[in-house]
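>
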Amino acid sequence: MPGARLVVVFFVYGLAFFAMGLAFLLEARRTTELGLARSLKYLAAFGLLHAVVEWIDMWLLLPWPLVAGTAAALRVVRLALFVGSTVLLAVFGTT
52 MPGARLVVVF
62 FVYGLAFFAM
72 GLAFLLEARR
82 TTELGLARSL
92 KYLAAFGLLH
102 AVVEWIDMWL
112 LLPWPLVAGT
122 AAALRVVRLA
132 LFVGSTVLLA
142 VFGTT
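Put into structure tokens, the structure is as follows:
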């Protein structure tokens, strides 16, 4: 079943983004003179939001039946989080 493999891929992918976001969040709290350190909070927020996006993708592939309208609502939330994470990545890149 190819869907089961994709569920595992999305889970691991989301876990990697979550770990990255958590690591950058912990590093952003340190005091330093480096200019890059001030923008790490945007990269951390990107990682955490993008992890949720990947986990929503995983959840939508799972074989259990969804309540009517839940899948559509999840797709809207996924799109909003994806846009938000992309904006945060762009803000990090510009700062």
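Note that this note's numbering has the sequence shown beginning at 52, numbered continuously upward. Ideal Cβ placement from N, Cα and C applies to all residues, glycine included.
From ALA55, THR121, LEU132, TYR93, pick the residue whose C-alpha is nearest to that of LEU140; which is it?
Closest option to LEU140, Cα to Cα, is TYR93.
> Is it buried or exposed for ALA102, if we count other Cβ within 10 angstroms and need 16 for buried?
buried
> Spatial neighbours of PHE133 within its chain, please: CB distance less than 7 Å, with the 5 preceding and 5 following residues excluded, ordered by chain position.
VAL104.
> Which same chain residues, not among the five before or five after GLU78, have their C-beta less than 7 Å away from its C-beta?
LEU91
> Is it a yes or a no for the segment 67-83 touching the segment 119-130, going by three-plus beta-carbon pairs under 8 Å?
By the C-beta criterion, the segment 67-83 is judged not to be in contact with the segment 119-130, since fewer than 3 inter-stretch pairs fall below 8 Å.
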